[in-house]
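The structure appears right after this line, and notes come after that.
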Amino acid sequence: MRVSQLSPLSIPAQDIPRAVRFYREVFDLPSVFGKHESAHLSLHGEGITFIENAAPTNVQVIVKDTPADIQNHFINYFVPETRPAEVIDQATHFFIADFEGNTIEVIAK
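Our numbering puts the first residue of the sequence shown at 114, with every later residue one more than the last.
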C-alpha cells in the first residue's frame with residue numbers, strides 16, 4: 114500500500130513484535146533498525162511506535178491506492194473487513210482491526 118498519512122504515530126499494542134509485523138506487512142511500512150532506535154516503523158521519516166498496556170484506539174491510514182487494490186491487498190494478507198466499505202466525500206473508507214484491538218480506518222483518496 115502507498116500510505117500517505119497515518120495517525121496516531123503511537124499505537125497501543127499488547128504484543129509489540131506482532132503489531133510491528135502486522136503494520137509492516139499490511140501497510141508496507143519500513144522497519145527502523147538499530148539498538149537505540151525508539152521507533153519501530155517509519156513513514157516519510159517520522160517514527161511510528163507501539164506502546165504496551167495502553168487502551169486500544171482508532172487508527173486512521175490514508176492511502177494512494179484504488180479501492181480495488183486495497184480490497185485485493187486485504188484478501189492477500191487475510192485481513193477481514195470489520196464492516197462494509199463506505200464512500201464519504203468522494204473517498205472510500207475501509208474498516209479493519211489489528212490483533213491488538215485497535216480499529217483501523219483505511220481511506221483511499
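Glycine residues also receive a C-beta, built at the ideal position from the N, C-alpha and C atoms. Owing to the predicted nature of the structure, the values given are computational and were not obtained by experimental measurement.
- Residue 192 is positioned such that its CB atom lies no closer than 8 Å to that of residue 124.
- Within the same chain, Cβ atoms closer than 8 Å to the Cβ of residue 200 are found at 206, the five residues on either side in sequence being excluded.
- Within the stretch 117 to 198, the alpha helix (DSSP H) runs of at least 4 residues that lie entirely inside it are, in chain order, 129 to 140, 180 to 189.
- Beta-bridge analysis with DSSP links residue 218 to 173, 208.
- Spanning the alpha carbons of residue 142 and residue 203 requires a straight line of approximately 25 Å.
- Here residue 214 has 169 as same chain residues with Cβ atoms under 6 Å from its own Cβ, once five neighbours each way along the sequence are excluded.
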